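Next up, the structure:
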């Protein structure tokens, strides 16, 4: 099974300036709970904005 998790703004934006559009601690906590122990696929810019692989997840970078 593949699950996609994305935060999309009202104008269909995914981010701004290589960062999140908003900071919601409850959202980040839910993301961590849903993804820990599972592979995670992200683009190069997302990976660079995080700065390191996420713990306890196999990180796959696509460009």
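In my numbering, the protein residues as written are 2 to 64. Cβ coordinates follow ideal geometry from the N, Cα and C atoms, glycine included. Everything numeric in this text was worked out from a predicted model, so none of it was measured.
Straight-line Cα distance separating residue j from residue i
i, j, result
"residue 51", "residue 57", "15 Å"
"residue 23", "residue 35", "19 Å"
"residue 18", "residue 2", "31 Å"
"residue 9", "residue 47", "14 Å"
"residue 61", "residue 27", "24 Å"
"residue 12", "residue 20", "16 Å"
"residue 33", "residue 6", "11 Å"
"residue 53", "residue 16", "18 Å"
Cβ-Cβ separation, residue j to residue i (assumed contact under 8 Å), whole Å
i, j, result
"residue 1", "residue 63", "One cannot answer for residue 1 here, as it falls past the ends of the chain, which runs 2 to 64."
"residue 55", "residue 41", "6 Å"
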